[in-house]
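Peer 1: Keeping their order, the protein sequence lines are chains A and B. In terms of our numbering, the first sequence has 27 at position 27, counting the first letter as 1, and numbering is strictly consecutive. If you want our numbering, it's the 1-based position in the second sequence plus 115. Backbone N, C-alpha and C define an ideal beta-carbon position, used for all residues, glycine too. Remember, it's a predicted structure, so these values are computed and weren't measured experimentally. Before I ask anything, let me first share the structure, which is written out below as structure tokens.
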Amino acid sequence: NAGVTQTPKFQVLKTGQSMTLQCAQDMNHEYMSWYRQDPGMGLRLIHYSVGAGITDQGEVPNGYNVSRSTTEDFPLRLLSAAPSQTSVYFCASTHLPSSVSQTQYFGPGTRLLVL
Amino acid sequence: GENVEQHPSTLSVQEGDSAVIKCTYSDSASNYFPWYKQELGKRPQLIIDIRSNVGEKKDQRIAVTLNKTAKHFSLHITETQPEDSAVYFCASPPSSGSARQLTFGSGTQLTVLP
């Protein structure tokens with residue numbers, strides 16, 4: 001199993017540009033999520049999904065869109081990049097039923113710099 | 116929503132000593148408390164977790180204790196080694212909504228001095 005994969009590893013954008021961060025998992029996990037990590041602020045939840053066709057907002061959703069057309073993929077879209085979105089982005093996934101492990105598996109991260 | 120506070124933000128210990136990191140949470144109905152370790156430039160990885168129906172859980176040199184009355188849980192690392200140097204995050208889900216929707220603490224940079 002590849003686990004959780006993310007592309008690209010690093011991206012530089014200009015203010016106003018749009019882009020999509022890709023995330024995929026091959027563990028048949030129902031739950032997927034996106035976090036951003038900024039120095040001194042831990043990991044903050046952007047959006048999450050409990051299954052294909054279902055998404056919801058987390059703590060810091062403004063400026064980001066998501067979709068979940070398949071169980072495997074959960075892309076994050078930046079509509080109009082701003083310097084405040086400079087961060088490291090992590091995708092994570094886990095099983096949903098409470099009878100199984102709640103361990104969240106993280107991808108390797110995407111480092112985004114917005115100029 | 117859930118609020119998780121983590122202390123200290125930085126911690127330096129001598130190799131072989133113990134390290135303790137503490138987190139407090141706000142939602143008294145929360146029932147799951149994981150700890151993640153993140154090495155420099157790497158992804159966070161779960162190292163130990165505890166559910167609200169037990170007060171302590173151990174796994175070799177690491178342990179987690181939970182005090183539901185005081186709403187805090189702590190990570191204990193004994194006989195620290197240089198490879199324990201990393202950022203450690205506690206987390207907790209809300210009692211309502213998705214149980215996988217974790218709120219993370221701000222992290223503790225642990226440095227183990229040789």
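Grab me the residues of residue 165/B's own chain with a C-beta within less than 6 Å of its C-beta, minus the 5 sequence neighbours each way, in chain order.
Peer 2: Hits under 6 Å: 148, 172, 179 and 181.
Peer 1: Please confirm if residue 221/B has its CB atom under 8 Å from at least one CB of chain A.
Peer 2: Residue 221/B counts as touching chain A.
Peer 1: Do the CB positions of residue 42/A and residue 222/B come within less than 8 Å of each other?
Peer 2: Yes, Cβ-Cβ distance for residue 42/A and residue 222/B is below 8 Å.
Peer 1: Just mark residue 68/A as buried or exposed, buried being the case when its beta carbon has 16 or more other beta carbons within 10 Å.
Peer 2: Residue 68/A is buried by the Cβ-count criterion.
Peer 1: Are the C-beta of residue 51/A and some C-beta of chain B separated by less than 8 Å?
Peer 2: No, residue 51/A lies away from the interface with chain B (no Cβ there is under 8 Å from its Cβ).
Peer 1: Compare the C-beta of residue 176/B with all C-beta atoms of chain A and state if any pair is closer than 8 Å.
Peer 2: So, not an interface residue.
Peer 1: Looking at C-beta atoms only, is the number of pairs between the region 83–97 of chain A and the region 130–139 of chain B that lie closer than 8 Å three or more?
Peer 2: Taking 8 Å as the limit for Cβ pairs, the verdict is that the region 130–139 of chain B does not touch the region 83–97 of chain A.
Peer 1: Measure how close the beta-carbons of residue 111/A and residue 20/A come, nearest whole angstrom, since I'm counting them as under 8 Å.
Peer 2: Not really, about 16 Å apart at Cβ, beyond 8 Å.
Peer 1: Just to confirm, are residue 4/A and residue 92/A a CB contact at a threshold of 8 Å?
Peer 2: Their beta carbons are under 8 Å apart, which means residue 4/A touches residue 92/A by this criterion.
Peer 1: So for residue 84/A, helix, strand or coil by DSSP?
Peer 2: Here residue 84/A sits in helix by DSSP.
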